[in-house]
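Worksheet: the structure to be examined is printed underneath.
In our numbering, the protein residues as written are 2 to 147.
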């Protein structure tokens, strides 16, 4: 599986940890930056990861900023993206199972790296429960197309 990653300066250190962990587990990574803790604008990275997922360059994405809020809002501006800001594994599982979220957003200043890695693993390893929830996603997709 190929996973797209992106972060701003606030999420840079956690993104590095996530990237190392995913590489160790055999995932392919597309890293859209940033590459340091120098201040940058988070929307650019949310957009890049979102565009990669929509273009099917990666199956899923993970974006990180200080709180996860700004970068998740940015990623969700890309048509076809369902980015979910998750602070625990239950939220990550529900985001995939019920909402077929295709990008996980995390707040580096909100959760520790151990919790973040557990959330990422849960998100990546949970499948969409299409039978029960497809109708609701169709409603969202239809509205998005207006």
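A virtual CB, placed ideally from N, CA and C, is assigned to each residue, including glycine.
query: Per DSSP, the bridge partner or partners of residue 32; result: 6
query: Start and end residues, alpha helix (DSSP H) containing residue 128; result: It is not in any alpha helix (DSSP H) - residue 128 carries neither H nor E in the DSSP assignment.
query: Straight-line Cα distance separating residue 96 from residue 85; result: 6 Å
query: Buried versus exposed, by CB contacts within 10 Å (16 or more), residue 110; result: exposed
query: Distance, residue 12 Cα to residue 51 Cα; result: 17 Å
query: Option in 78, 66 and 106 with minimal Cα separation from residue 124; result: 106
query: One or two residues paired with residue 105 in a DSSP bridge; result: 63 and 85
query: Stretch-stretch touch, CB-based, cutoff 8 Å, three pairs: the segment 69-80 with the segment 13-31; result: no
query: CB of residue 3 within 8 Å of CB of residue 23, strictly; result: no
query: Coil, strand or helix - residue 90 by DSSP; result: helix
query: Residue 103, buried or exposed, once every other Cβ within 10 Å from all chains shown has been counted against 16; result: buried
query: Proximity test, Cβ basis, 8 Å: residue 56 and chain E; result: Protein chain content of the structure displayed is limited to a single chain, and chain E is not contained in it.
query: Inter-residue spacing [alpha-carbon to alpha-carbon] between residue 117 and residue 147; result: 35 Å
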